[in-house]
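Numbering (my numbering), first residue to last: 1240 to 1616.
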């Protein structure tokens, strides 16, 4: 019999006083217990492999026999991953969960449970419906419902009002989401599994998220009305390819390696090359470029749509490799699948890298130029 997996659960501090009876407290004076009641209410009636969810010291997960558990974690930091004057609370919540779901998709994993820890300024932490936090949770849980993943726990804290030197500063919001997934033993897709001769595939289209972010930066108010997930808004509401990953994992189509495109094709494919000890040959004309990227080029918001596709990041598409003899369908779970190149063996003295072939026959070696924390300017 499989033993339950026990992890830290969301609960209030033992020193928090009991909330007043009646309606939730005002936005400017929230109770932690009010917040947890709000979160628990919005996360209710969602079941998968969770035996015990929000309300105790730990959650209890019960994986199925013959499965391995995969775990991923992601920060969503105000001023780094979102701006409150640009992104609606619903978009922030959606994007927070989408990041982790995309990681599970890249492993071919079934979503099991999510754990959310948050640090919030007091003015955002209202427990009443319509508050910033309630709208954040609405955006997150709508996406959670789409992928049948329950919010099983986490933690809450008030953002500090002083910096490390004791000086007053404006508190910001921060979220850390942990996702648990399950995959058949020994069948998780890895970055290290690619082989020379493999065809490289990508799902969907590239460059759309970066292009929409450019538009958002120019006219943020015009985007504030978009509160529901929409495939026409790949930055505000990205679509993690969980269904594609699950179908690839369950089918006879042999996949050797996979990675999600969160930091940009040039960076993420480089990661896969390095882990597999191979190089990659990419056909520029084969890249599925999003119409928003073409529009950004036409409007002179970006030097080229190709650069957005290569380096823009946050597309949350899947990149995977499979043998040439594997018949990969053109569409999986309603999503387009595009062959864009192949993996190649390293030449003597060559490091893992990407060679981009242009339609005119010219080839370039491209460096990873997507998103990277701590990159020197």
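We put the CB at the ideal spot given by N, CA and C, even for glycine.
CA-to-CA distance, residue j to residue i, given in whole angstroms
| i | j | result |
| --- | --- | --- |
| residue 1504 | residue 1301 | 36 angstroms |
| residue 1496 | residue 1607 | 19 angstroms |
| residue 1455 | residue 1465 | 12 angstroms |
| residue 1298 | residue 1521 | 45 angstroms |
| residue 1377 | residue 1325 | 18 angstroms |
| residue 1294 | residue 1329 | 24 angstroms |
| residue 1264 | residue 1394 | With a pLDDT of 38 at residue 1264, under the threshold of 50, the modelled position of this residue cannot be trusted, and the question is left open. |
| residue 1333 | residue 1580 | 32 angstroms |
| residue 1533 | residue 1451 | 11 angstroms |
| residue 1356 | residue 1276 | 15 angstroms |
| residue 1473 | residue 1596 | 27 angstroms |
| residue 1605 | residue 1296 | 49 angstroms |
| residue 1375 | residue 1599 | 48 angstroms |
| residue 1341 | residue 1362 | 31 angstroms |
| residue 1406 | residue 1366 | 29 angstroms |
| residue 1510 | residue 1360 | 36 angstroms |
| residue 1387 | residue 1440 | 27 angstroms |
| residue 1418 | residue 1428 | 17 angstroms |
| residue 1319 | residue 1411 | 11 angstroms |
| residue 1617 | residue 1459 | Since the first and last residues shown for the chain are 1240 and 1616, residue 1617 lies out of range. |
| residue 1457 | residue 1272 | 39 angstroms |
| residue 1564 | residue 1426 | 20 angstroms |
Buried versus exposed call for residue i [16 or more other C-beta atoms within 10 Å across all chains shown]
| i | result |
| --- | --- |
| residue 1502 | buried |
| residue 1401 | exposed |
| residue 1507 | buried |
| residue 1331 | buried |
| residue 1311 | buried |
| residue 1369 | exposed |
| residue 1408 | exposed |
| residue 1489 | exposed |
| residue 1515 | buried |
| residue 1389 | buried |
Beta carbon of residue i nearer than 7 angstroms to that of residue j
| i | j | result |
| --- | --- | --- |
| residue 1513 | residue 1424 | no |
| residue 1352 | residue 1422 | no |
| residue 1420 | residue 1338 | no |
| residue 1561 | residue 1435 | no |
| residue 1557 | residue 1480 | yes |
| residue 1498 | residue 1590 | no |
| residue 1528 | residue 1544 | yes |
| residue 1344 | residue 1484 | yes |
| residue 1278 | residue 1335 | no |
| residue 1358 | residue 1398 | yes |
| residue 1574 | residue 1442 | yes |
| residue 1582 | residue 1437 | yes |
| residue 1569 | residue 1576 | yes |
| residue 1535 | residue 1453 | yes |
Integer-rounded CB distance, given that residue j should sit under 8 angstroms from residue i
| i | j | result |
| --- | --- | --- |
| residue 1413 | residue 1553 | Contact doesn't hold; Cβ gap of about 18 angstroms is too wide. |
| residue 1548 | residue 1446 | 4 angstroms |
| residue 1525 | residue 1578 | 7 angstroms |
| residue 1448 | residue 1551 | 6 angstroms |
| residue 1523 | residue 1594 | Incorrect: roughly 11 angstroms between the Cβ atoms, too far for contact. |
| residue 1373 | residue 1292 | At roughly 19 angstroms, the Cβ-Cβ gap does not stay under 8 angstroms, so residue 1373 and residue 1292 are not in contact. |
The ligand FMN heavy atom lying under 6 angstroms from the CB of residue i
| i | result |
| --- | --- |
| residue 1568 | Looking for the ligand FMN in the displayed structure turns up nothing, as the structure carries no ligands at all. |
Kindly provide the ranges of any beta strand (DSSP E) runs that are 3 or more residues long and lie completely inside the region 1366-1407, ordered along the chain.
1390-1397
Suppose only complete runs of 4+ residues qualify. What are the alpha helix (DSSP H) ranges in the region 1308-1373, listed by chain order?
1328-1346
Can you give, in chain order, each stretch of the beta strand (DSSP E) that sits fully within the region 1458-1538 and has at least 3 residues?
1496-1500 and 1518-1522
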